[in-house]
Amino acid sequence: MAKGITKRSENYSQWYNDIVIKAGLAENSAVRGCMVIKPYGYAIWEKMQAALDTMFKETGHENAYFPLFIPKSFFAKEAKHVEGFAKECAVVTHYRLRTTADGKGIEVDPDAKLEEELIVRPTSETIIWNTYKGWIQSHRDLPILINQWANVVRWEMRTRLFLRTAEFLWQEGHTAHATEQEAIAETKQMINVYANFAENWMAVPVIKGSKSESERFAGAIDTQAIEALMQDGKALQAGTSHFLGQNFAKAFDVKFADKDGNLSHVWATSWGVSTRLMGALVMAHSDDNGLVLPPKLAPYQVVIVPIYNNMEQLDQMTEKANEIMAILRKNNISVKYDGRDAFRPGHKFAEYELKGVPIRIAIGPRDLEQGNIEIARRDTLEKKVYPQTEMLEVIKNLLDEIQINIYQKALKFRNENTFKTDSYEEFKKILDTTGGFILAHWDGTTETEEKIKEETKATIRCIPFDSPLEEGKCMVTGKPSIRRVLFARSY
């Protein structure tokens, strides 16, 4: 176990915070509820951004940027939407400060009150659809496929690094279509993009499905989500895609003329993931020694640590390390050399284990003489000596193997912690003992859903796309049910 990291088995919440802080991902800021994302954490987020941004562009989307501030009147146009965010909105009421009368402080200038308050962006549907009204007149203007990388503010009272903060980073896609079918297809396409990213880049297995009516995004007709299981048996919603119908188009009077000249409201979607994915990455894979990062998202995939007794040997190791780095970089493998003389090799080993670097190379004078190299992998903590001539092939294979192994380990955990039950008592027992995903019958009513949530703190995470038709009875009311839905306690 890494020094200063609480064991998962003792206190999972503290273990998570310890890793986020000690691995240098993020820290709390002077602003209540907001975080500072540190360089190592931001480097992981940049890798996520790069992969997702490529996927978005491959599916025809373009990036744009819209204002941080949204007039309050815009929210009033879509009642269900504003109701969903009203309690989380930060409001700008004045535009100027002034020095206090005694000259010793600063105060809000009461004469600088805004004519209309501005809402700090909690999500951008309203400002974007007000903008789209000027962009869309004809069917020739459609579809509009826009993505925005931005920050948003939702005034959370109980915050937690990456998982729930007052301000966070995300991307939000907003698309406009001529037909309902196109918008529905876009909604499905983007949840599949998110699932692909989660599984093949983050190495996190996810379940795709639709949200129940009470869990939908405010103003959406259908919300689709990917749900992941964390190591403490709680679910984490890792991405959502929303079919918005014509709700926002009608609220902002966005119409287009079809080929026959008839005017119709356009059809809309929105979709997004956030820095919450960073929390998922930590909780899905890490252990009591620190982070375990999938190679595809690691800021550097390989670290080289020299072993030496004097400066002459250090110079020799540095020369060899430069040769190794040139070979690896030529093969698109990111690598770091740690030649710091102020820290011993053991300290460095522990540091990079904590930071989750997938592969560690150690090289010393004896290795140089014998033409060998020691390679250690972070996922299993195994290390082995190889001939230097085999280094490139070994590292390429190991990176692929580690990516797959991390995914398979998470999948095995999910499979072992996914249960089926027809009994409400057994349902509650599972939640209180192991937690995990529970597939159970539900009668489809909001009343039963709320009763389960109130009594157990578990919610319907989604109605899985691959949930087969299966006649059954609701575990609470005994009323008919046609398929099982996915329940869990969640973040």
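To convert a position in the sequence shown, counted from 1, into my numbering, add 8. Beta carbons: idealized from backbone N, C-alpha and C, even for Gly. Since this is a predicted model, take the numbers as computed values, not measurements.
Find out if the Cβ-Cβ distance for the pair residue i, residue j is shorter than 8 Å.
| i | j | result |
| --- | --- | --- |
| residue 35 | residue 46 | yes |
| residue 309 | residue 439 | no |
| residue 239 | residue 292 | yes |
| residue 332 | residue 315 | no |
| residue 211 | residue 414 | yes |
| residue 178 | residue 280 | yes |
| residue 176 | residue 283 | yes |
| residue 305 | residue 246 | no |
| residue 41 | residue 167 | yes |
| residue 262 | residue 141 | yes |
| residue 191 | residue 137 | no |
| residue 299 | residue 27 | yes |
| residue 215 | residue 419 | no |
| residue 223 | residue 456 | no |
| residue 133 | residue 256 | yes |
| residue 264 | residue 144 | yes |
Could you give the residue range of the beta strand (DSSP E) that holds residue i?
| i | result |
| --- | --- |
| residue 496 | 492-496 |
| residue 102 | 98-102 |
| residue 232 | 230-237 |
| residue 305 | Note, residue 305: premise wrong, no beta strand (DSSP E); not H, not E. |
| residue 77 | 77-79 |
| residue 127 | 121-128 |
| residue 263 | 263-265 |
| residue 260 | Element bounds for residue 260: n/a, residue is neither H nor E. |
| residue 253 | 243-253 |
| residue 105 | 105-107 |
First and last residue of the alpha helix (DSSP H) that includes residue i?
| i | result |
| --- | --- |
| residue 50 | 47-66 |
| residue 285 | 284-293 |
| residue 69 | Note, residue 69: premise wrong, no alpha helix (DSSP H); not H, not E. |
| residue 1 | Any property of residue 1 remains undetermined from this structure, which presents the chain solely from 9 to 499. |
| residue 92 | 87-93 |
| residue 327 | 319-338 |
| residue 139 | 133-143 |
Quick check: what's the CA-CA separation for residue i versus residue j?
| i | j | result |
| --- | --- | --- |
| residue 268 | residue 187 | 15 Å |
| residue 492 | residue 252 | 25 Å |
| residue 472 | residue 465 | 20 Å |
| residue 217 | residue 469 | 8 Å |
| residue 139 | residue 334 | 49 Å |
| residue 116 | residue 202 | 44 Å |
| residue 441 | residue 368 | 38 Å |
| residue 146 | residue 277 | 19 Å |
| residue 19 | residue 365 | 24 Å |
| residue 236 | residue 478 | 24 Å |
| residue 163 | residue 69 | 30 Å |
| residue 94 | residue 104 | 25 Å |
| residue 373 | residue 341 | 25 Å |
| residue 399 | residue 390 | 16 Å |
| residue 272 | residue 154 | 21 Å |
| residue 397 | residue 200 | 41 Å |
| residue 360 | residue 344 | 11 Å |
| residue 362 | residue 148 | 54 Å |
| residue 432 | residue 460 | 9 Å |
| residue 484 | residue 450 | 8 Å |
How close, in whole Å, do the beta carbons of residue i and residue j come, if the pair is a contact with beta carbons under 8 Å?
| i | j | result |
| --- | --- | --- |
| residue 65 | residue 260 | Actually they are not in contact, since the Cβ atoms of residue 65 and residue 260 sit about 27 Å apart, beyond 8 Å. |
| residue 371 | residue 328 | 6 Å |
| residue 80 | residue 227 | Their Cβ separation, rounded to whole angstroms, is 17 Å, which puts residue 80 and residue 227 out of contact at 8 Å. |
| residue 183 | residue 152 | 6 Å |
| residue 387 | residue 410 | 5 Å |
| residue 197 | residue 67 | 6 Å |
| residue 499 | residue 242 | 6 Å |
| residue 129 | residue 60 | That pair is no contact at about 20 Å. |
| residue 180 | residue 131 | 6 Å |
| residue 452 | residue 425 | With a Cβ gap of about 26 Å, residue 452 and residue 425 do not count as contacting. |
Chain B beta carbons: is any one of them nearer than 8 Å to that of residue i?
| i | result |
| --- | --- |
| residue 142 | Here chain B cannot be found, since the structure has a single protein chain. |
Can we count residue i as close to the ligand MG, meaning its CB is less than 7 Å from some heavy atom?
| i | result |
| --- | --- |
| residue 304 | The ligand MG is absent from the structure shown, which contains no ligands of any kind. |
- Item | Contiguous alpha helix (DSSP H) assignments of at least 4 residues, all confined to the region 391-455 | 399-424 and 432-441
- Segments of 3+ residues assigned as beta strand (DSSP E) that fall wholly inside the region 146-224: 152-161, 175-185 and 215-218
- Item | Continuous beta strand (DSSP E) assignments of at least 3 residues falling wholly in the region 24-49 | 34-36 and 43-45
- Could you tell me which uninterrupted alpha helix (DSSP H) segments, each at least 4 residues in length, are contained entirely in the region 342-382, listed from first to last along the chain? 353-362 and 373-378
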